Amino acid sequence: MVEFYVAQEAGFLATAGLEPDVNYAQNGAVATQLVASDHGDVGLITLEPYVASFDKGMGGKFIATIGDQNLFYVGVPVDSDITTFAQLEGKTIGVLSMGSSSIYYAKAMAKEAGFTLADTSFAPVGMGDSALNALRTNQVQALALHRPAFAALERSGFAFRYFKDDAISGFSNYGLFVSDATLAGQRDKLVRFLGAMLKAELFVKTNPEAALRIYWKIQPEARPAGDEAAAVEVGLSELNFELDNASGNERIRPFDADRTQGLLDVLKSEGVASASITVSDIVDGSLFAEAAALVDRDAVVQLATDWKN
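Just so you know, full-length UniProt numbering puts 58 at position 58 of the sequence shown, and the rest follows in order with no gaps.
Shown next as structure tokens:
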């Protein structure tokens with residue numbers, strides 16, 4: 001999430017009196033468990049692992065959504081003969097692993113298209129070169145991955161045709177998650193953290209190239225090969241892909257109740273979420289007004305405009 005790196009480098013977190021450590025979990029389910037059990041303050045995760053574990057007593061809330069698009073979708077090579085999702089009937093779809101949440105949404109999209117995808121319709125291919133090799137050797141005819149994985153493949157020069165269903169893809173399933181204990185006991189800290197992230201979002205929107213260079217500084221392996229101009233062009237393209245926000249609204253914002261209900265309906269239909277779970281069980285937008293009040297928009301825009309990497 002580029003906003004976090006910008007919040008670090010531009011001093012927004014330090015100004016808020018925060019020095020967070022970043023730890024990477026094996027997968028979303030592990031990250032959810034760590035945060036819900038108070039072994040981490042904030043998790044950047046998708047909703048599915050939490051929703052799936054809700055009836056087991058896991059407690060927490062999503063305090064903000066990231067973007068307005070589902071993180072998972074399906075892509076085929078841009079020159080593929082497959083031009084509609086319905087043509088994937090009888091095909092094999094590559095996924096990161098057989099535990100990937102992308103399977104839920106691919107199955108739901110198939111139902112919308114009038115056919116069924118069984119578990120045997122999916123094959124674990126990982127990501128990066130292994131996923132591309134599976135496509136090129138026709139082991140799979142499509143990929144169902146998360147947006148960062150597709151962004152990395154696009155960066156390598158491989159173009160895709162993407163399938164998105166408005167009823168499934170048109171809402172975010174990705175955001176900032178905290179435990180109930182953290183929400184109750186560290187509310188002020190969470191407000192300051194969220195305020196820093198909102199400042200960073202405005203910085204990225206104001207000066208995306210500066211944000212890109214900050215990202216490269218912290219994650220140098222993400223810089224594309226080639227000369228500077230070519231690297232920036234590819235990097236900005238990847239950044240725009242990663243920041244996909246079709247509505248043009250603020251990217252970091254409270255979860256929309258209606259859209260979140262739509263997501264829950266999909267997950268209930270796929271047997272992931274229990275019938276009793278409600279939107280208020282999983283989201284809490286009460287921090288947002290306080291966090292937004294911490295953002296001096298003019299000052300952030302000026303800082304971003306004048307930024308020198």
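Even glycine gets a Cβ: it sits at the ideal position worked out from N, Cα and C.
As the structure is a prediction and not an experimental result, all values here were calculated from the model.
Asked, Found
"With a 10 Å radius around its C-beta and 16 neighbouring C-beta atoms as the bar for buried, classify residue 312 as buried or exposed.", "For residue 312 there is no data in the structure shown, the boundaries of the chain being 1 and 309."
"Straight-line CA distance for Gln-219 to Ala-273?", "36 angstroms"
"Can you pull the DSSP bridge partners for Ala-230?", "Note: Ala-230 sits in no beta bridge, so no partner."
"Hey, is Leu-194 close to the ligand FMN, as in C-beta under 7 angstroms from one of its heavy atoms?", "Within the structure as shown, the ligand FMN is missing, as the structure has no ligands at all."
"Kindly give me the distance between the Cβ atoms of Gly-11 and Asn-23, rounded to whole angstroms, as I take these residues to be in contact under 8 angstroms.", "Not confirmed; about 22 angstroms, so no contact."
"Grab the span of the beta strand (DSSP E) containing Tyr-162 for me, first residue to last.", "160-163"
"Give the C-beta separation of Ala-230 and Arg-223 to the nearest angstrom, bearing in mind that I take them to be a contact with Cβ-Cβ under 8 angstroms.", "The Cβ separation is near 11 angstroms, so there is no contact."
"Where do the ends of the beta strand (DSSP E) carrying residue 328 lie?", "Outside the modelled stretch of the chain, which goes from 1 to 309, sits residue 328, for which no answer is possible."
"Runs of 4 residues minimum, wholly inside the segment 113-157: which ones carry the alpha helix (DSSP H) assignment?", "129-136 and 147-155"
"Would you kindly report the start and end of the unbroken alpha helix (DSSP H) that includes Ala-14?", "12-15"
"Excluding the five sequence neighbours on either side, which residues of its own chain have a C-beta within less than 8 angstroms of the C-beta of Trp-216, listed in chain order?", "Ala-222, Arg-223 and Gly-235"
"Does the beta-carbon of Glu-89 have 16 or more other beta-carbons within 10 angstroms, so that it is buried, or is it exposed?", "exposed"
"Do you know how far the Cα of Val-295 is from the Cα of Asp-119?", "47 angstroms"
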